[in-house]
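Here the structure comes first, spelled out in structure tokens, and everything after it is commentary.
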Amino acid sequence: MEYVDEIVDYTDTKEEVIQLALAALEDTPPQVRDPISQVDVGTAEKPLLFSISAKLTAEEREALLSFLCEYRDCLAEKYEYS
14 MEYVDEIVDY
24 TDTKEEVIQL
34 ALAALEDTPP
44 QVRDPISQVD
54 VGTAEKPLLF
64 SISAKLTAEE
74 REALLSFLCE
84 YRDCLAEKYE
94 YS
């Protein structure tokens, strides 16, 4: 874009205050209030349990289970808060 002989007046603009995000998440995990369902997407030798929302529709549940099964090798088995 090219501007020729344009005078811009910035005196009427307001300064925005930008707040920085927290450096780290809080130590406590969020408290989920939805009912949950335990699903196993692992193998018989190596189970891999996940908690998913029990409010998912059948279509959403199938899509999520398909995704979790397909990428189960990429998912962490255990996560520890530090």
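With the first letter of the sequence shown counted as 1, position 15 gets the number 28 in my numbering; the numbers rise by one all the way through.
Just so you know, even glycine gets a beta-carbon here, dropped at the ideal spot from N, CA and C.
Contact belief for residue i with residue j at Cβ below 8 Å, rounded distance in angstroms
{"i": "G55", "j": "R85", "result": "6 Å"}
{"i": "D53", "j": "S66", "result": "Actually they are not in contact, since the Cβ atoms of D53 and S66 sit about 16 Å apart, beyond 8 Å."}
{"i": "Q44", "j": "S64", "result": "Not really, about 13 Å apart at Cβ, beyond 8 Å."}
For residue i, the nearest candidate out of the options (CA to CA)
{"i": "L69", "options": "L77, L62 and F63", "result": "L77"}
{"i": "I49", "options": "A57, L62 and E72", "result": "L62"}
Close Cβ partners of residue i (< 6 Å) along its chain, the five nearest in sequence each way excluded
{"i": "Q32", "result": "none"}
{"i": "C82", "result": "V54"}
Sequence-distant residues of the same chain with beta carbon closer than 8 Å to residue i, five excluded per side
{"i": "P60", "result": "D53"}
Residue i classed as buried or exposed, judged by whether at least 16 other C-beta atoms fall within 10 angstroms
{"i": "M14", "result": "Its pLDDT being 48, under 50, M14 is placed unreliably in this model, and the value from its coordinates should be taken loosely. Result: exposed."}
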